[in-house]
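Counting in the numbering used here, the sequence shown runs without a single skipped number right up to 127 at its last residue. What follows is a single structure, written as structure tokens, with notes after it.
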Amino acid sequence: MITGYLPFGADDTFAQKLEQAGCHRIVAEQKMNGRPRLEKLLSELQDGDILIVCRAAHIGSQADFVKTLIRIGLKHAHLVSVIEDIDTLRDTLHFGIQMSR
């Protein structure tokens, strides 16, 4: 499943970007404190799922982003950050092709 994530207070343009990126559903935080919906979303990820965010900062700090990348990778799921052009599925496939040469 392709799921988009919006932090609390994200404006409508970010929701539109997630829709344009092909999200089947969008999960938005409803409160300023913490990221309980992101945590729930991460815990429910399955093999092959894709989580899309508009910006890496929507996950949290740089350290939070790296931890989230690792957590998603351990579930054999993928992360896309639209603005930074990060796509772990694309980048993993590209790396695998380069290594096989």
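For every residue, glycine included, the Cβ atom is placed at its ideal position computed from N, Cα and C. On a predicted model such as this, the values are computed, not experimentally measured, just so you know.
If you draw a 10 Å sphere on the C-beta of Leu-100, you find fewer than 16 other C-beta atoms in it, and that means exposed.
Spatial neighbours of Phe-91 in its own chain (CB-CB distance under 7 Å, excluding positions within 5 residues in sequence) are listed in chain order as Ala-82, Ile-85.
In chain order, Leu-105, Thr-114 place their CB closer than 8 Å to the CB of Leu-95, counting only its own chain and leaving out the 5 sequence neighbours on each side. Ile-28 is a Cβ neighbour of Ile-78, given a cutoff of 8 Å. The Cβ atoms of Asp-73 and Ala-103 lie closer than 8 Å to each other.
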